[in-house]
Amino acid sequence: MADKIDVLLVGPKKPVIVDGLSSAFNLHILADAKDKDAFMAGLADRIRGFAVSVSSERIDGPLMARFPKLEIVSTFAVGYDHVDAKWAGERGIVVTNTPGVLTEEVADTALGLLLCTVREFPQAERYLRAGKWLERPYRLTPATLRDRTVGLVGMGAIGQAIARRLDGFKVPVVYHSRKPRAGVPYKHYPDLIAMAQDVDILLTIVPGGPGTQNMIDAKVLDALGPDGIFINMARGSVVDEPALIKALQEKRIMSAGLDVFVNEPDVPKELLAMENVVLFPHLGSGSVATRRAMDRLVVNNLLAWGSGKDPLTPVPEAPWPPKKRV
Ligand code: 8YV
Numbered sequence: 078m079a080d081k082i083d084v085l086l087v088g089p090k091k092p093v094i095v096d097g098l099s100s101a102f103n104l105h106i107l108a109d110a111k112d113k114d115a116f117m118a119g120l121a122d123r124i125r126g127f128a129v130s131v132s133s134e135r136i137d138g139p140l141m142a143r144f145p146k147l148e149i150v151s152t153f154a155v156g157y158d159h160v161d162a163k164w165a166g167e168r169g170i171v172v173t174n175t176p177g178v179l180t181e182e183v184a185d186t187a188l189g190l191l192l193c194t195v196r197e198f199p200q201a202e203r204y205l206r207a208g209k210w211l212e213r214p215y216r217l218t219p220a221t222l223r224d225r226t227v228g229l230v231g232m233g234a235i236g237q238a239i240a241r242r243l244d245g246f247k248v249p250v251v252y253h254s255r256k257p258r259a260g261v262p263y264k265h266y267p268d269l270i271a272m273a274q275d276v277d278i279l280l281t282i283v284p285g286g287p288g289t290q291n292m293i294d295a296k297v298l299d300a301l302g303p304d305g306i307f308i309n310m311a312r313g314s315v316v317d318e319p320a321l322i323k324a325l326q327e328k329r330i331m332s333a334g335l336d337v338f339v340n341e342p343d344v345p346k347e348l349l350a351m352e353n354v355v356l357f358p359h360l361g362s363g364s365v366a367t368r369r370a371m372d373r374l375v376v377n378n379l380l381a382w383g384s385g386k387d388p389l390t391p392v393p394e395a396p397w398p399p400k401k402r403v
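Read in order, the letters of the sequence shown correspond to residues 78 to 403 in the numbering used here.
Next up, the structure:
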């Protein structure tokens with residue numbers, strides 16, 4: 078219909094997103110196009126909004142530039158390193174993500190991964206299933222959460238939700254971030270290496286992207302030391318993955334729990350072969366209810382914008398109201 082705004086759905090056809098947008102917009106579904114280039118070329122002058130249904134879709138400058146009337150990119154996921162938000166913001170395109178609705182779910186997953194890694198629960202379960210308990214009990218775990226300190230790298234909303242859970246477990250928390258966070262009761266370390274030296278477990282929960290690329294490198298891992306445990310709930314890009322693999326192989330750190338990888342879903346074979354790692358297939362927000370709430374927020378951002386209201390959750394690099402369009 079000519080009076081409706083044209084929106085392009087990039088990524089899989091999720092029912093909540095398709096149903097939520099179909100009546101308000103002319104929704105064009107890239108996944109249905111046989112020839113995607115021709116499909117996008119045919120829509121170039123009409124598309125004013127993108128709905129991005131998964132974070133594995135790369136939304137870069139050259140893609141957005143194909144649509145000169147583009148005003149909004151509403152993406153799924155709290156982390157938006159898959160969208161070039163700086164490029165968009167500089168051109169007056171607002172970018173929205175899905176914060177808030179996944180905070181507690183991701184924090185739950187973080188605690189699950191932490192406990193699994195420290196107390197070797199997946200390994201112990203595999204041991205039982207293999208019939209080995211009949212021979213002898215599973216080993217006592219060298220690691221424990223008792224009398225240990227967790228250093229959070231990042232203290233945003235999810236970091237704070239993880240810290241609250243650790244308070245309940247009576248595990249001391251400290252954190253590193255560029256600036257201390259107002260109203261947060263935990264000790265702040267301006268220096269990551271100094272914190273890694275002082276803690277037993279390092280848990281990353283920072284945004285991905287160039288600002289945090291490889292921040293966990295060989296030096297940080299060596300500061301954590303041979304009894305140290307590394308947990309990554311952020312993005313694969315925040316850790317120098319080959320350096321992590323080497324540190325694990327050489328037992329320069331004790332173990333790692335990883336929910337995220339550099340080249341998902343392709344996990345390095347060296348990690349798959351190790352017993353001293355727990356590997357999750359990017360489960361952070363992965364429940365039906367939370368993913369549905371995230372899909373719903375993708376829709377609601379577009380509906381708000383489409384009806385002349387403020388988008389609900391714009392990101393700082395591509396804010397609302399937009400800068401003057403260039
Ligand atoms: C993933 C996440 O997007 O919101 C984020 O930033 O990392 C997750 O919710 C999701 O797990 C799909 O990969």
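Each residue gets a CB set at the ideal place from its N, CA and C atoms; glycine is no exception.
**Asked** If you measure from each residue's Cβ to the nearest non-hydrogen atom of ligand 1, which ones come out under 5 Å, in chain order?
**Response** By the rule of a C-beta closer than 5 Å to any heavy atom of ligand 1, the residues picked out are Ser132, Ala154, Val155, Gly156, His359, Gly361, Ser362.
* Asked: To the nearest angstrom, how far is it from the Cα of Gln274 to the Cα of Ala395?
  -> Spanning the two alpha carbons is a distance of roughly 37 Å.
| task | Hey, could you find the ends of the alpha helix (DSSP H) Tyr204 is sitting in? | result | First-last of the alpha helix (DSSP H) with Tyr204: 198-206.
Checklist entry - If you run the structure through DSSP and keep just helix, strand and coil, what is Gly254? => result Correcting the residue type first, residue 254 is Ser in the shown sequence and not Gly. The DSSP-derived three-state label of Ser254 is coil.
**Item:** Closest Cα partner of Ser100 within the set Val376, Ser130, Trp397
**Value:** Of the candidates Val376, Ser130, Trp397, Val376 places its Cα closest to the Cα of Ser100.
| query | Going by alpha carbons, who is nearest to Ala324 out of Asn340, Ala300, Phe338, Ser362? | reply | Closest option to Ala324, judged by alpha-carbon separation, among Asn340, Ala300, Phe338, Ser362: Ala300.
**Asked** By a C-beta neighbour count over all protein chains shown, 10 Å radius and 16 as the cutoff for buried, is Asn340 buried or exposed?
**Response** Per the 10 Å Cβ criterion, exposed.
task: Classify Gly126 as helix, strand or coil using the three-state DSSP reduction.
output: Judged by DSSP in its simplified three-state form, Gly126 adopts strand.
_Mapping the DSSP letters down to three states, classify Ala370 as helix, strand or coil._
Helix.
Q.
Using the three-state DSSP reduction, which class does Ala108 fall into: helix, strand or coil?
A. Of the three classes helix, strand and coil, the one that applies to Ala108 here is helix, per DSSP.
query = Do the CB positions of Gly236 and Ile278 come within less than 7 Å of each other?
reply = With a cutoff of 7 Å on beta-carbon distance, Gly236 and Ile278 are scored as not near each other.
Note to self: Here's the rule I'm using: 16 or more other beta-carbon atoms within 10 Å means buried, otherwise exposed. How should Glu318 be labelled?
What the structure shows: Counting every other CB atom within 10 Å of its CB across the protein chains shown gives Glu318 a total of 16 or more, marking it as buried.
_For a minimum of 3 consecutive residues, which ranges assigned as the beta strand (DSSP E) are wholly contained in the stretch 286-365?_
The stretch 286-365 contains these whole beta strand (DSSP E) runs: 306-309, 332-335, 354-356.
| query | Which residues does DSSP pair with Asp83 in a beta bridge? | reply | Note: Asp83 sits in a beta bridge opposite Asn103, Ile124.
Around the C-beta of Glu148, are 16 or more other C-beta atoms found within 10 angstroms, so that it is buried, or is it exposed? So Glu148 counts as buried.
Could you check the C-alpha separation between Leu360 and Met117 for me, to the nearest Å?
One C-alpha to the other measures close to 32 Å.
**Prompt:** What does Leu279 pair with, by DSSP beta-bridge criteria?
**Reply:** Here Leu279 is bridged, per DSSP, to Gly228, Phe307.
### Cβ-Cβ separation, Ala234 to Thr180 (assumed contact under 8 Å), whole Å
Contact flag correct, Cβ pair sits at about 5 Å.
- Task: Work out the CA separation of Asp294 and Glu347 for me, nearest whole Å.
- Result: Roughly 17 Å between the two C-alpha positions.
Opposing strand residues paired with Tyr266 [DSSP bridges]:
Per DSSP, His253.
Requested in this report: Go ahead and label Asp112 buried or exposed: buried means 16 or more other beta carbons lie within 10 angstroms of its beta carbon, across all protein chains shown.
Outcome: Burial call: exposed.
Review point. Which residues bound the alpha helix (DSSP H) around Ile170?
Key: Segment: none, Ile170 is in no alpha helix (DSSP H) and carries neither H nor E.
Which residue comes first and which comes last in the alpha helix (DSSP H) that contains Ile235?
-> For Ile235, the enclosing alpha helix (DSSP H) has its first and last residue at 234-245.
Worksheet item: Per the contact definition of three or more C-beta pairs closer than 8 Å, is the stretch 160-170 in contact with the stretch 219-227?
Response: No contact exists between the stretch 219-227 and the stretch 160-170.
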